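Remarks on the structure that follows.
Chains as they are written, first to last, in our numbering: chain A, 500 to 747; chain B, 500 to 747.
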């Protein structure tokens with residue numbers, strides 16, 4: 500089964516969620532990153548108005564959510580499941596960082612359904628739940644306070660899944676839109692104009708112009724001036740020139 | 500100023516937040532990744548019990564949060580500010596992905612305070628707010644629904660900042676060649692001085708200053724002005740001011 504996007508093959512499974520607001524916020528986090536398959540194992544309250552409110556424009560994901568009464572049903576037809584856990588010593592599985600796990604999940608999701616499992620807000624996943632999964636995932640965090648909110652953890656993982664997908668298609672981040680750059684000639688004209696105004700105003704000693712003009716050149720060189728900016732600066736120089744009008 | 504961790508030099512600035520729950524969730528998101536400096540520009544409700552509840556064990560960050568009545572006060576002594584925006588065509592600054600921006604911010608934060616700015620839940624940052632920053636940041640997202648919850652966006656950025664730090668620990672960044680950078684406060688002083696000279700010389704209509712000043716802000720934002728350059732430019736402005744001397 501090769502879906503339109505591998506992300507369509509990644510399901511988010513929330514086990515025993517207490518606060519319906521977190522379910523809504525999870526739906527929103529998923530949708531912003533292009534995920535859509537939500538499974539809920541024994542949620543305490545669902546459906547719920549708080550979930551709807553926090554979902555914002557991702558209510559379609561709540562409406563399509565599958566509610567299951569046990570984990571086996573939720574993971575049923577997946578081929579790889581990853582368990583989100585806090586850092587602990589007693590884990591039975593290899594522990595992946597969020598970024599590593601996302602790359603692994605996306606790679607598999609090109610071919611078949613995979614799952615990412617999140618536990619209770621208070622206590623995370625039980626050892627029994629983790630044992631249903633093939634790998635565990637940890638979000639690198641502050642060792643003194645590593646307790647991410649449930650939906651915030653979903654947001655980070657969904658973001659890493661999207662990033663893993665974008666990187667794997669080697670789609671470079673689009674080049675920033677560039678306004679029309681000034682020509683070197685235009686920039687030379689600006690420097691000459693600036694030097695004249697500096698001299699006319701008494702700011703620059705014409706006998707010793709080197710250092711100051713070199714500083715200004717360096718500043719404008721870093722800037723990569725645009726055509727329109729050169730025009731604005733020259734307009735300003737003309738306006739403040741004590742001996743205006745300046746003829747270029 | 501080299502703090503214990505570069506993350507201590509990264510401040511999160513929330514502008515005009517409507518929902519106090521998002522402020523609390525932001526504090527939690529920050530603390531899980533080791534960030535601690537929170538600035539609030541005109542929050543609608545703060546302090547607030549909903550903020551406290553959502554902060555969970557990160558109330559210390561709420562208690563230490565700085566509340567400011569304008570953006571300049573919040574960014575005052577930082578040296579680099581990045582604006583979180585949705586993808587748009589009309590942005591004046593180079594757009595970085597979350598990951599690129601995190602690397603850039605952490606590198607600078609080794610040396611001086613930097614800021615990451617988030618706008619209103621409904622409408623994001625205004626063009627005027629963005630013009631205070633040197634770069635814009637976009638979290639890669641679903642083009643059909645890219646509206647992350649505010650605290651979820653903070654969580655992703657805080658996570659990327661931590662990841663950038665962890666990655667840069669193994670391969671230490673060479674200290675960027677840094678002539679002493681101008682503080683945002685010094686740059687604000689320059690903009691104010693420039694505006695005055697523009698008005699005195701008749702170049703700028705004080706009734707319609709917006710567009711031209713925004714262009715100048717954008718130009719100097721790209722430049723990353725140095726302290727000495729600000730001094731040179733202000734010296735020049737003083738010399739050409741038709742109504743000099745200028746008092747700052």
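Yeah, the Cβ is synthetic: ideal placement off N, Cα and C, and Gly gets one too. Everything numeric in this text was worked out from a predicted model, so none of it was measured.
Any heavy atom of the ligand SAM closer than 6 angstroms to the CB of residue i?
i                     : result
residue 737 (chain A) : Among the components modelled here there is no ligand, and therefore nothing to report on the ligand SAM.
Measure the CB-CB distance between residue i and residue j and report whether it falls below 7 angstroms.
i                     : j                     : result
residue 610 (chain A) : residue 574 (chain A) : no
residue 644 (chain A) : residue 536 (chain B) : no
residue 602 (chain B) : residue 663 (chain B) : yes
residue 658 (chain A) : residue 655 (chain B) : yes
residue 741 (chain A) : residue 699 (chain A) : yes
residue 527 (chain A) : residue 552 (chain A) : no
residue 636 (chain B) : residue 579 (chain B) : no
Could you have a look at residue i and say whether DSSP puts it in helix, strand or coil?
i                     : result
residue 522 (chain A) : helix
residue 555 (chain A) : helix
residue 719 (chain B) : helix
residue 736 (chain B) : helix
residue 688 (chain A) : helix
residue 527 (chain A) : helix
residue 577 (chain B) : coil
residue 633 (chain B) : coil
residue 707 (chain A) : coil
residue 659 (chain A) : helix
residue 670 (chain B) : For residue 670 (chain B), the predicted structure reports a pLDDT of 47, less than 50, and the residue's modelled location is therefore unreliable. The matter cannot be settled from this model.
residue 724 (chain B) : coil
residue 624 (chain B) : coil
residue 615 (chain A) : strand
residue 504 (chain A) : coil
residue 680 (chain A) : strand
residue 550 (chain B) : helix
Determine, for residue i, whether the minimum Cβ-Cβ distance to residues of chain A falls below 7 angstroms.
i                     : result
residue 521 (chain B) : no
residue 667 (chain B) : no
residue 651 (chain B) : yes
residue 735 (chain B) : yes
residue 647 (chain B) : yes
residue 728 (chain B) : yes
residue 722 (chain B) : yes
residue 748 (chain B) : The requested residue 748 (chain B) is not part of the displayed model; chain B covers only 500 to 747.
residue 602 (chain B) : no
residue 742 (chain B) : no
Please report the distance separating the alpha-carbon of residue i from that of residue j.
i                     : j                     : result
residue 686 (chain A) : residue 728 (chain A) : 10 angstroms
residue 615 (chain B) : residue 598 (chain A) : 23 angstroms
residue 605 (chain B) : residue 725 (chain B) : 19 angstroms
residue 709 (chain A) : residue 703 (chain A) : 10 angstroms
residue 737 (chain B) : residue 571 (chain B) : 23 angstroms
residue 547 (chain A) : residue 513 (chain A) : 15 angstroms
residue 648 (chain A) : residue 696 (chain A) : 59 angstroms
residue 642 (chain A) : residue 661 (chain B) : 12 angstroms
residue 521 (chain A) : residue 720 (chain B) : 39 angstroms
residue 566 (chain B) : residue 505 (chain A) : 44 angstroms
residue 689 (chain B) : residue 682 (chain B) : 11 angstroms
residue 652 (chain A) : residue 623 (chain A) : 12 angstroms
residue 707 (chain A) : residue 734 (chain A) : 26 angstroms
residue 678 (chain A) : residue 518 (chain A) : 48 angstroms
Under 7 angstroms between C-beta atoms, does residue i make it to chain B?
i                     : result
residue 529 (chain A) : no
residue 558 (chain A) : no
residue 554 (chain A) : no
residue 509 (chain A) : no
residue 749 (chain A) : Residue 749 (chain A) lies beyond the residue range present for chain A, which begins at 500 and ends at 747; the question has no answer from this structure.
residue 538 (chain A) : no
residue 654 (chain A) : yes
residue 518 (chain A) : no
residue 569 (chain A) : no
residue 611 (chain A) : no
residue 618 (chain A) : no
residue 550 (chain A) : no
Using a Cβ cut-off of 9 angstroms, which residues of the region 686-706 of chain B contact any Cβ in chain A, in chain order? 693, 696, 697, 699, 700, 701, 702, 703
Mind listing which residues of the region 620-639 of chain B have their C-beta closer than 8 angstroms to chain A's C-betas, in chain order? 638, 639
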